[in-house]
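A short worksheet on the structure shown next.
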Amino acid sequence: MRVSDARRPGTVSRLFRAVVRSFLVVVALAAFSAATYEHVGAWRDGRILKQVGRSVDIGGRTLNIHCAGDGRPTVVLVSGGTAPGYVWTPSQRGITAFTRACWYDRADIGWSDSGPDPAWGRQAAQDLHRLVEAAGLPRPFVLVGASFGGYVIRLYHDAHPGEVSGMVFVDAALEDAGTIRGMPHRDRPPLPRSVIRGLSMVLGRLGMIRFMAADSGPAPHPWSAAEWDVLARLRRQRKVLLADAQMGPGRATADQVRSAGGLEDMPLIVLTQGKPIPDARSVEAGVRRGWVDLQRQFAERSRRGRQMLVPNAGHGIPVEAPEAVIAAVREIVTTVRQGVD
Numbered sequence: 001m002r003v004s005d006a007r008r009p010g011t012v013s014r015l016f017r018a019v020v021r022s023f024l025v026v027v028a029l030a031a032f033s034a035a036t037y038e039h040v041g042a043w044r045d046g047r048i049l050k051q052v053g054r055s056v057d058i059g060g061r062t063l064n065i066h067c068a069g070d071g072r073p074t075v076v077l078v079s080g081g082t083a084p085g086y087v088w089t090p091s092q093r094g095i096t097a098f099t100r101a102c103w104y105d106r107a108d109i110g111w112s113d114s115g116p117d118p119a120w121g122r123q124a125a126q127d128l129h130r131l132v133e134a135a136g137l138p139r140p141f142v143l144v145g146a147s148f149g150g151y152v153i154r155l156y157h158d159a160h161p162g163e164v165s166g167m168v169f170v171d172a173a174l175e176d177a178g179t180i181r182g183m184p185h186r187d188r189p190p191l192p193r194s195v196i197r198g199l200s201m202v203l204g205r206l207g208m209i210r211f212m213a214a215d216s217g218p219a220p221h222p223w224s225a226a227e228w229d230v231l232a233r234l235r236r237q238r239k240v241l242l243a244d245a246q247m248g249p250g251r252a253t254a255d256q257v258r259s260a261g262g263l264e265d266m267p268l269i270v271l272t273q274g275k276p277i278p279d280a281r282s283v284e285a286g287v288r289r290g291w292v293d294l295q296r297q298f299a300e301r302s303r304r305g306r307q308m309l310v311p312n313a314g315h316g317i318p319v320e321a322p323e324a325v326i327a328a329v330r331e332i333v334t335t336v337r338q339g340v341d
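Once you know that position 332 of the sequence shown is 332 in UniProt numbering, the rest is easy, because the numbers rise by one and skip nothing.
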């Protein structure tokens, strides 16, 4: 046997240990760099994300609400999904020209505290009622709901019909959307809160949440660069992951809404995305046609309702076309003030 053969196992072992050590060093450096990236980002957030609004106690926890303008009825803007209330900034600015407008952050979002339960469905509507009670907002309201916020305002109206005088639905979620062929839907169960908190802590400290949501692009009209930066920073907070993971099955909330009261005499406008889809034969185009039709049917549930297509906007109308929101709210506010049928 050659001497080199006898030494080979030891040589391989040393080489393996060297590779492992090098790998661990690389991992440690990557983790350090990621943590530094998050630390710097969090420091900048702390300087830039000064609270817009005020914290209102709703029973051991607070929700953030921001009101501006004068006049009645008061307009309450309810955002969709995990979007912060700040997403309504341009819309609120326009609405305050003719009445008072308020947006708020649901639990686990924006400048609001976390809640004991996932803030979806009836829980979200109950939170909103506690908030307007504690904040002393005068009734009745014109409620505006985008996406999931449409569910919230319908459940609010179901529980407190005398407090709502008009409604605007902004490409709002509908309980029968699952009947549209090709429509994606969300039916996964919510993860346990402890698991989500642990995951968000690890991913947050390593800057992964910030990195995944880092590219917000240039500010669209009429957002200022500073406002757009604030919105982007709010959207990449750690607690947004917590709120999203606890969203749970859309079907559960849809079932709650399905049993809600009717809107037969409610003045309402349904804003629907109308951004052109190049390939009219695509699955996406088919889904869009089904969605537009379903939204039209929903508007027809009220004898005082109508649909308005927003031609250059997708699902994110509050961001992409706030002028459409302002126009719809103005029409409903005028109707409420005139008291016409």
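Heads up, the beta-carbon is just placed ideally off N, CA and C, and yes, glycines get one too.
A172 versus A135: straight-line alpha-carbon distance, rounded: Here residue 172 corresponds to residue number 172 of the sequence shown, with the count starting at 1. Here residue 135 corresponds to residue number 135 of the sequence shown, with the count starting at 1. Cα to Cα, A172 sits roughly 26 Å from A135.
Any alpha helix (DSSP H) of 4 or more consecutive residues that is wholly inside the stretch 63 to 143: Counting only runs of 4+ residues, the alpha helix (DSSP H) found wholly inside the stretch 63 to 143 occupies 89 to 95 and 122 to 135, in chain order.
Spatial distance of E38 from R236 (CA atoms): The residue given as residue 38 occupies position 38 in the sequence shown. The residue given as residue 236 occupies position 236 in the sequence shown. Legend: pLDDT at E38 = 44, less than 50; position of this residue unreliable, no value from coordinates given.
Buried versus exposed, by CB contacts within 10 Å (16 or more), T272: Indexing the sequence shown from 1 puts residue 272 at position 272. So T272 counts as buried.
Nearest-angstrom Cβ-Cβ length linking G314 and E320, presumed shorter than 8 Å: In the sequence shown, residue 314 corresponds to position 314, counting from 1. In the sequence shown, residue 320 corresponds to position 320, counting from 1. So it is a contact: roughly 6 Å between Cβ atoms.
Member of P116, G80, P161 and F98 whose CA lies at the smallest distance from the CA of Y104: Counting from one through the sequence shown, the residue named residue 104 turns up at place 104. Minimum Cα distance to Y104 is reached at G80.
Through-space distance from G94 to V325, alpha-carbon basis: Start at 1 with the first residue of the sequence shown, and residue 325 comes out as number 325. Start at 1 with the first residue of the sequence shown, and residue 94 comes out as number 94. Near 9 Å, if we compare the C-alpha coordinates of G94 and V325.
Supposed contact pair L268 and G166 - C-beta distance, whole angstroms, cut 8 Å: Indexing the sequence shown from 1 puts residue 166 at position 166. Indexing the sequence shown from 1 puts residue 268 at position 268. Contact holds; Cβ gap of about 7 Å.
Residues near I317 by beta carbon distance below 7 Å, same chain, minus five either side: Residue 317 sits at position 317 when you count from the first residue of the sequence shown. A146, V170, D171, L271, Q273, V310, A324 and V325.
Buried/exposed call for G115, threshold 16 Cβ in 10 Å: For the purposes of this step, residue 115 is taken as the residue at position 115 of the sequence shown. G115 comes out buried.
Sub-7 Å separation of G71 and T99 beta-carbons: Sequence index remark: in the sequence shown, residue 71 carries index 71 (1-based). Sequence index remark: in the sequence shown, residue 99 carries index 99 (1-based). Yes. Within cutoff.
Host beta strand (DSSP E) of V270 (start-end): Along the sequence shown, read from residue 1 onward, the residue named residue 270 stands at position 270. Element bounds for V270: L268 to Q273.
Enclosing beta strand (DSSP E) for R54 [first to last residue]: Here residue 54 refers to the residue found at position 54 when the sequence shown is read from its first residue. Counting along the chain, the beta strand (DSSP E) containing R54 begins and ends at R54 to D57.
Nonlocal neighbours in the same chain, by C-beta distance under 8 Å from N312, ignoring five residues either side: The residue you call residue 312 lines up with position 312 of the sequence shown. Within the same chain, N312 has close Cβ partners G274, K275, E320 and A321.
Among K239, P138, L143 and R301, nearest to A125 - alpha-carbon criterion: The residue given as residue 125 occupies position 125 in the sequence shown. Checked all of K239, P138, L143 and R301; the closest Cα to A125 is L143.
Cutoff 6 Å; reference A227; Cβ partners in own chain excluding five residues on either side: Numbered from its first residue, the sequence shown carries residue 227 at position 227. Contrary to the premise, residue 227 reads as Glu rather than Ala in this sequence. Answer for E227: T89, listed in chain order.
Beta bridge counterpart(s) of F169 as assigned by DSSP: Within the sequence shown, the letter at position 169 stands for residue 169. Note: F169 sits in a beta bridge opposite G145 and V270.
Cβ neighbours of R301 in the same chain (closer than 8 Å, five flanking residues each side left out): Counting from 1 along the sequence shown, the entry for residue 301 is found at position 301. Same-chain partners within the cutoff: G262, L263 and E264.
Simplified DSSP assignment, three categories, for Q51: Counting from 1 along the sequence shown, the entry for residue 51 is found at position 51. Correct three-state label for Q51: coil.
Beta-carbon spacing of V257, Y151 below 7 Å: Here residue 257 refers to the residue found at position 257 when the sequence shown is read from its first residue. Here residue 151 refers to the residue found at position 151 when the sequence shown is read from its first residue. Contact: yes.
Pair within 7 Å by beta-carbon distance, D158 and A260: Looking up residue 158 in the sequence shown gives position 158. Looking up residue 260 in the sequence shown gives position 260. Contact check for D158 against A260 passes: the beta carbons are separated by less than 7 Å.
Own chain, CB closer than 6 Å to D113, minus 5 neighbours either side, in chain order: Residue numbering aside, residue 113 sits at position 113 when the sequence shown is read from its first letter. Contacts found: R61 and T62.
Element boundaries [alpha helix (DSSP H), containing L294]: As a first step, residue 294 must be located in the sequence shown, where it is residue number 294. L294 -> alpha helix (DSSP H) spans V283 to A299.
Option nearest K239 by Cα separation, candidates A97, G53 and A119: On the sequence shown, position 239 is the one that residue 239 refers to. If we check each option's Cα against that of K239, A119 comes out closest.
Residue burial classification, G162 (beta-carbon count within 10 angstroms, cutoff 16): Numbered from 1 along the sequence shown, position 162 holds the residue referred to as residue 162. So G162 counts as exposed.
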